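Chemist: Once you've had a glance at the structure underneath, I'll fire off some questions.
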Amino acid sequence: MAYSDKVIDHYQNPKNVGTLDKASKNVGTGLVGAPECGDVMRLQIQVDDATGMITDAKFKTFGCGSAIASSSLATEWLKGKSVDEALKIDNMDIVEELNLPPVKIHCSVLAEDAIKAAINDYRVKNGMDAIKFEESVVH
Amino acid sequence: MLKLPIYLDNNATTPMDPKVLEAMTPYFMQHFGNAASRNHPFGWEAEEAVDYAREQVAKLIGADPKEIIFTSGATEGDNLAIKGVYEMYASKGNHIITATTEHKAVLDTCKHIEKSGGEVTYLQVKADGLIDLKELEAAIKPTTILIAIMYANNEIGTVMPIKEISAIARKHGVLVFTDGTQAVGKIPVNVNKDGIDLMAFTAHKMYGPKGVGALYVRRKNPRVKVTAQMDGGGHERGMRSGTLNVPGIVGFGKACELCMLNMEEENKRISKMRDHLETELLKLEEAYVNGSREHRLPHVTNISFKHVEGEGLLMGFNKNIALSSGSACTSASLEPSYVLKALGLGDDLAHSSLRFGLSRFTTEEEIEYTIKAISETVLKLREMSPLWEMYKEGIDLSTIEWAAH
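Just so you know, the sequences run in chain order X and L.
Under our numbering, the first residue of the first sequence is numbered 31, with each subsequent residue one higher.
Under our numbering, the first residue of the second sequence is numbered 19, with each subsequent residue one higher.
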C-alpha cells in the first residue's frame with residue numbers, strides 16, 4: 031500500500047512530538063485508542079486562560095504511519111486556534127488533507143477523538159462540564 | 019556494493035535462482051509439447067522432462083517419483099490432501115485434527131470440511147509455537163482419519179515434531195498430512211524417516227517458479243489415496259487432472275536439485291547471518307523473539323519490539339527493506355496475526371512484530387544495513403510512542419482502561 035506524500039512527510043518529520051505537563055491546570059490531555067487495536071494517541075493542548083487560545087499542542091502516537099500523520103497534523107491545526115474553534119475540527123478534514131485511504135479513516139477518527147478528549151480534560155480541570163459528544167461511527 | 023531495496027520477505031516468496039530459469043527456458047517455445055501427448059516427439063520430450071523433474075522432486079524428500087502429484091502450488095496441495103482424504107476415507111471416519119497456527123489454506127479447508135459435516139479439532143500451541151503431543155494423542159478418536167500439522171510455520175519458522183506426531187498417528191492408524199511449504203528445500207525433510215503420508219509443498223518458496231507445487235501421496239505402508247478435486251483427463255494417477263505445467267515443473271525439479279545440493283552449506287551461512295541479525299536487534303530494550311528458537315528454520319526470525327506498532331515501524335524503512343509485520347492495521351478487523359496470538363502474545367506485542375526471512379541471496383552487507391535501519395527506526399518511534407513513555411515512567415499498561423475502538 032502506498033502512502034500519500036503528506037503522510038510520509040509527517041511520518042518522517044513529525045510536528046510537535048512531545049509531552050506537556052499533564053498536571054498543569056491549563057494543559058488538557060486526551061489519551062485514546064488501545065494497544066490491542068494497534069493505535070494509541072495522546073494529544074495535549076496548552077490553553078491561555080485569559081484568551082482561551084491554544085498556545086501549544088503536543089502528541090505521542092503508537093500506531094501506523096497514518097495514525098502518526100493524523101496526530102501530527104492535528105497538533106499543527108490546534109496551535110493558534112481557540113478551544114471553540116478546535117472543537118470544529120472534523121476527522122474528514124484530516125482524511126482530505128492527508129489523502130487517507132478508506133482503511134485508514136479510523137486514524138483520523140482517533141485524532142478527532144483525541145482533540146475532544148484533550149479539550150474535555152482541560153474543561154473539567156477548569157471547573158467546566160465535559161461536553162458530551164456523539165459516539166464516533168467507527169468505534 | 020549494497021543494492022537497495024533489500025529483500026527479507028523470503029517466507030512470502032523467494033526470487034528464482036538463475037539456474038532454474040535457465041533450465042525452464044527451452045520448455046516454453048522449443049519443447050512446448052503436452053506431456054500427455056503420447057504419439058509424437060513433442061509429447062515425448064515433455065514427458066521425459068516431467069519424469070526427470072519428478073525424480074528430482076522425489077529425491078529431495080526421499081520419496082518415490084510415483085508418489086509425486088504435481089499441483090499448482092501448496093494451497094492446491096493442502097486442499098487436495100485434506101478434502102481428498104476426507105472424501106476417500108469417509109467410510110472410516112470424519113474427524114480431522116489440526117492446529118490453530120496452520121496456514122489459512124489448511125484452516126479454511128478445515129472450515130469447509132466442518133460445513134460439509136466433518137468434525138475438526140484445532141489444537142492450541144504452547145508459548146513456543148509447538149503443539150503438545152499428549153494433547154494430540156488425547157484428541158484422537160475412533161473416527162479420526164487425518165492429522166494435519168504443518169512442518170514449519172510461515173510466520174515464526176517454528177519446526178513441529180513431525181516424527182513424533184507421525185509415530186502417534188501410526189499407533190492409532192491415522193494418516194499424517196503436513197504442509198511442508200516453508201520446510202522443504204530449507205531443512206532435511208524425508209517422508210520415510212518422518213513418517214509422512216501426505217505433504218504439500220511449492221516451488222516458489224525454494225527459488226523455483228510460482229504456480230507449481232507438489233503433493234506427496236504415500237504409495238506403500240500404507241497406500242494412500244485421495245479423491246480428485248478436479249474432474250478431467252485423469253492426469254497424475256487420476257488424482258489431479260489438468261495439462262501439466264511443463265516449464266514450471268522443470269524449474270521446480272531444478273530448484274529441488276539445487277536445494278538438495280547446497281542445503282547444508284547454505285544453511286550454515288544463512289543461519290549465521292540470521293543469528294547475527296537477531297543478536298543485534300535483541301540489544302534493543304524490550305525486544306523479544308516469537309516462537310521456539312531451538313526448533314526453528316535456520317533462515318527465519320520473528321521479533322516483537324514492544325511499544326512500537328509494526329506497520330508504523332515498516333514505514334520507516336520499507337522503501338529500502340522488504341519485510342512483513344504481524345500487525346494488520348490495514349485489515350478491516352484490525353486483528354493482529356492469529357499465529358502470534360495463538361502463542362499467547364498480547365495484542366500489543368503481536369502488533370509490534372516483524373518477520374524476517376533470509377535467503378541464499380542475502381548478504382552480510384544487507385544484514386548490517388537492516389540492523390542499523392531497524393534499530394534507528396525503533397528508537398525514533400519509541401520517542402514518539404506514548405506507551406513507551408508510560409512504560410519508562412513505570413506505569414503498568416495493563417492497569418489502564420483503554421477505550422477500545
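Positions of the beta carbon are idealized from the N, C-alpha and C atoms, including for glycine.
Note that this is a predicted model, so its numbers are computed, not measured.
Report, in whole angstroms, the separation of the C-beta atoms of Asn68 (chain X) and His369 (chain L), which I expect to be a contact under 8 Å.
Modeler: Taking the first sequence and counting its residues from 1, one reaches residue 68 (chain X) at position 38. Taking the second sequence and counting its residues from 1, one reaches residue 369 (chain L) at position 351. Per the sequence shown, the amino acid found at residue 68 (chain X) is Gly instead of Asn. Correct: roughly 4 Å between the Cβ atoms.
Chemist: Considering only residues of the same chain and omitting the five flanking positions on each side of Asp151 (chain X), which have a CB-CB separation below 7 Å?
Modeler: The residue given as residue 151 (chain X) occupies position 121 in the first sequence. Closer than 7 Å at Cβ, skipping near neighbours: Gly58, Thr59 and Gly60.
Chemist: Report the rounded CA-to-CA distance for Glu353 (chain L) versus Ser310 (chain L), giving the unit in angstroms.
Modeler: If you number the second sequence from 1, residue 353 (chain L) lands on position 335. If you number the second sequence from 1, residue 310 (chain L) lands on position 292. If you take the alpha carbons of Glu353 (chain L) and Ser310 (chain L), they lie about 23 Å apart.
Chemist: Name the one or two DSSP bridge partners that Thr139 (chain L) has.
Modeler: As a position in the second sequence, residue 139 (chain L) is number 121, starting the count at 1. Thr139 (chain L) pairs with L:Ile115.
Chemist: Under 7 Å Cβ-Cβ, which residues of chain L neighbour Glu164 (chain X)?
Modeler: Position 134 of the first sequence, counting from 1, holds the residue named residue 164 (chain X). Simply none; closest approach about 15 Å.
Chemist: I think Thr319 (chain L) touches Leu295 (chain L), with their Cβ atoms under 8 Å apart; what is that distance to the nearest whole Å?
Modeler: The residue given as residue 319 (chain L) occupies position 301 in the second sequence. The residue given as residue 295 (chain L) occupies position 277 in the second sequence. Yes, they are in contact, since the Cβ atoms of Thr319 (chain L) and Leu295 (chain L) sit about 7 Å apart, within 8 Å.
Chemist: Between which residues of its own chain and Lys152 (chain L) is the CB-CB distance below 8 Å, once the five residues before and five after are set aside?
Modeler: Mapped onto the second sequence, residue 152 (chain L) falls at position 134. Cβ within range, chain order: n/a, list empty.
Chemist: Quick one: what's got a C-beta closer than 6 Å to Ile165 (chain L)'s C-beta in the same chain, skipping five residues either side?
Modeler: Reading the second sequence from its first residue, position 147 is the one you call residue 165 (chain L). Cβ neighbours of Ile165 (chain L) beyond the five flanking positions: Ile115, Ala187, Val192 and Val194.
Chemist: Taking the DSSP output, what are the residues bridged to Ile75 (chain X)?
Modeler: As a position in the first sequence, residue 75 (chain X) is number 45, starting the count at 1. Partner(s): X:Gly58 and X:Ala87.
Chemist: Using only the heavy atoms of the ligand PLP, determine whether one of them is closer than 7 Å to the beta carbon of Asn28 (chain L).
Modeler: Questions concerning the ligand PLP fall outside what the structure shown contains, since it holds no ligand whatsoever.
Chemist: Within 8 Å of any Cβ in chain L, is that where the Cβ of Gly60 (chain X) sits?
Modeler: What you label residue 60 (chain X) is simply residue 30 of the first sequence in a count that begins at 1. Chain L contact via Cβ: absent.
Chemist: Who are the near neighbours of Gly61 (chain L) in its chain, counting only those whose CB is closer than 8 Å to its CB and skipping five residues on each side?
Modeler: Along the second sequence, one-based indexing puts residue 61 (chain L) at 43. Gly51, Asn52, Ala53, Ala54 and Ser55.
Chemist: When we look at the beta-carbon of Thr199 (chain L) and count the other beta-carbons within 10 Å, is it buried (16 or more) or exposed?
Modeler: Position 181 of the second sequence, counted from the first residue, corresponds to residue 199 (chain L). Buried, by the Cβ-count rule.
Chemist: Assuming Leu216 (chain L) and Val177 (chain L) make a contact with CB atoms under 8 Å, what is their CB distance in whole Å?
Modeler: Walking along the second sequence from the start, residue 216 (chain L) turns up at place 198. Walking along the second sequence from the start, residue 177 (chain L) turns up at place 159. That pair is no contact at about 18 Å.
Chemist: Around the C-beta of Ser96 (chain X), are 16 or more other C-beta atoms found within 10 angstroms, so that it is buried, or is it exposed?
Modeler: Counting from one through the first sequence, the residue named residue 96 (chain X) turns up at place 66. Buried: at least 16 other Cβ atoms inside 10 Å.
Chemist: If distances are taken between C-alpha atoms only, which option among X:Ala99, X:Met71, X:Thr91 and X:Ala104 comes closest to Ile84 (chain X)?
Modeler: Counted from its first residue, the first sequence places residue 84 (chain X) at position 54. With distances taken between Cα atoms, Ile84 (chain X) lies closest to X:Ala104.
Chemist: Return the Cβ separation of Val392 (chain L) and Phe335 (chain L) in integer angstroms, given the expectation that the two are a contact with Cβ distance under 8 Å.
Modeler: Taking the first residue of the second sequence as position 1, residue 392 (chain L) is located at position 374. Taking the first residue of the second sequence as position 1, residue 335 (chain L) is located at position 317. As written in the sequence, residue 392 (chain L) is Ile, which differs from the Val given in the question. Sure, about 7 Å apart at Cβ, within 8 Å.
Chemist: Would you say Val154 (chain X) lies against chain L (beta-carbon separation less than 8 Å)?
Modeler: For the purposes of this step, residue 154 (chain X) is taken as residue 124 along the first sequence, with counting starting at 1. With 8 Å as the cut-off, Val154 (chain X) does not count as an interface residue toward chain L.
Chemist: Given Gly175 (chain L), which residues of its chain have a CB within under 6 Å of its CB, disregarding the five upstream and five downstream residues?
Modeler: As a first step, residue 175 (chain L) must be located in the second sequence, where it is residue number 157. Cβ neighbours of Gly175 (chain L) beyond the five flanking positions: Arg314, Leu315 and Val318.
Chemist: For Pro23 (chain L), is the classification buried or exposed, using 16 other Cβ atoms within 10 angstroms of its Cβ as the cut-off for buried?
Modeler: Within the second sequence, the letter at position 5 stands for residue 23 (chain L). Per the 10 Å Cβ criterion, exposed.
Chemist: Along the chain, where does the beta strand (DSSP E) that runs through Thr127 (chain L) open and close?
Modeler: Counting from 1 along the second sequence, the entry for residue 127 (chain L) is found at position 109. It is not in any beta strand (DSSP E) - Thr127 (chain L) instead sits in the alpha helix (DSSP H) that spans Lys122 to Lys133.
Chemist: Determine the extent of the alpha helix (DSSP H) in which Asp35 (chain X) is found, giving its start and end residues.
Modeler: As a first step, residue 35 (chain X) must be located in the first sequence, where it is residue number 5. Taken as a continuous stretch (DSSP letters only), the alpha helix (DSSP H) holding Asp35 (chain X) covers Asp35 to Gln42.
Chemist: Applying a beta-carbon distance threshold of less than 7 Å, which residues of chain L neighbour Val70 (chain X)?
Modeler: Working through the first sequence from its first residue, we reach residue 70 (chain X) at position 40. Correct list: Pro404 and Leu405.
Chemist: Please list, in chain order, the chain L residues whose beta carbon lies closer than 7 Å to that of Ile98 (chain X).
Modeler: In the first sequence, the residue the question calls residue 98 (chain X) occupies position 68. Under the 7 Å cutoff, chain L gives Gly330 and Met402.
Chemist: Grouping DSSP H, G and I as helix and E and B as strand, with all else coil, what is Ile377 (chain L)?
Modeler: Residue numbering aside, residue 377 (chain L) sits at position 359 when the second sequence is read from its first letter. At residue 377 (chain L) the sequence reads Ser, which differs from the Ile that was named. Coil, per DSSP.
Chemist: By Cβ distance, which residues of its chain are closer than 8 Å to Ala350 (chain L), with the 5 residues on each side in sequence left out?
Modeler: Locating residue 350 (chain L) in the second sequence gives position 332, where the first residue counts as 1. In this predicted model, Ala350 (chain L) has a pLDDT of only 48, less than 50, meaning its place in the structure is not dependable; the value taken from the coordinates is given anyway. Here the set comprises nothing.
Chemist: Hey, how far is the Cα of Leu98 (chain L) from the Cα of Gly250 (chain L)?
Modeler: Counted from its first residue, the second sequence places residue 98 (chain L) at position 80. Counted from its first residue, the second sequence places residue 250 (chain L) at position 232. Cα to Cα, Leu98 (chain L) sits roughly 15 Å from Gly250 (chain L).
Chemist: Anything in the region 263 to 296 of chain L with a Cβ closer than 9 Å to a Cβ of chain X? List those residues in chain order, please.
Modeler: The residues in question: there are none.
Chemist: Under the DSSP definition of a beta bridge, which residues are partnered with Ala232 (chain L)?
Modeler: Reading the second sequence from its first residue, position 214 is the one you call residue 232 (chain L). Per DSSP, L:Phe88 and L:Phe219.
Chemist: If we require 3 or more residues per run, which beta strand (DSSP E) segments fall completely within the region 161 to 230 of chain L?
Modeler: Taking only runs of at least 3 residues, the beta strand (DSSP E) segments lying wholly in the region 161 to 230 of chain L are 162 to 166, 193 to 197 and 216 to 220.
Chemist: Run through chain X and tell me which residues come within less than 7 Å of Pro354 (chain L), C-beta to C-beta.
Modeler: Here residue 354 (chain L) is taken as the residue at index 336 of the second sequence, counted from 1. Ordered by position in chain X, the residues that pass the 7 Å Cβ test against Pro354 (chain L) are Gly68.
Chemist: For a contact meaning CB atoms closer than 9 Å, what does Asp414 (chain L) contact in chain X?
Modeler: Locating residue 414 (chain L) in the second sequence gives position 396, where the first residue counts as 1. Residues of chain X passing the Cβ test: none, with the nearest at roughly 12 Å.
Chemist: Is there a Cβ from chain X that is less than 8 Å from the Cβ of Glu383 (chain L)?
Modeler: Position 365 of the second sequence holds residue 383 (chain L). Output row for Glu383 (chain L): interface = no.
Chemist: Tell me which same chain residues have a C-beta within less than 8 Å of the C-beta of Val168 (chain X), skipping the five on either side of it?
Modeler: The count along the first sequence starts at 1 and reaches residue 168 (chain X) at position 138. Note that Val168 (chain X) scores a pLDDT of 46, beneath 50, so its modelled location is shaky and nothing firm can be said.
Chemist: So with CB distances below 7 Å, who are the chain L contacts of Thr105 (chain X)?
Modeler: Within the first sequence, numbered from 1, the residue matching residue 105 (chain X) stands at position 75. Per Cβ cutoff of 7 Å: no residues; Thr105 (chain X) is ~12 Å from chain L at best.
Chemist: At the 8 Å Cβ level, is Glu411 (chain L) part of the contact set with chain X, yes or no?
Modeler: As a first step, residue 411 (chain L) must be located in the second sequence, where it is residue number 393. It does not: the Cβ of Glu411 (chain L) has no partner Cβ on chain X nearer than 8 Å.
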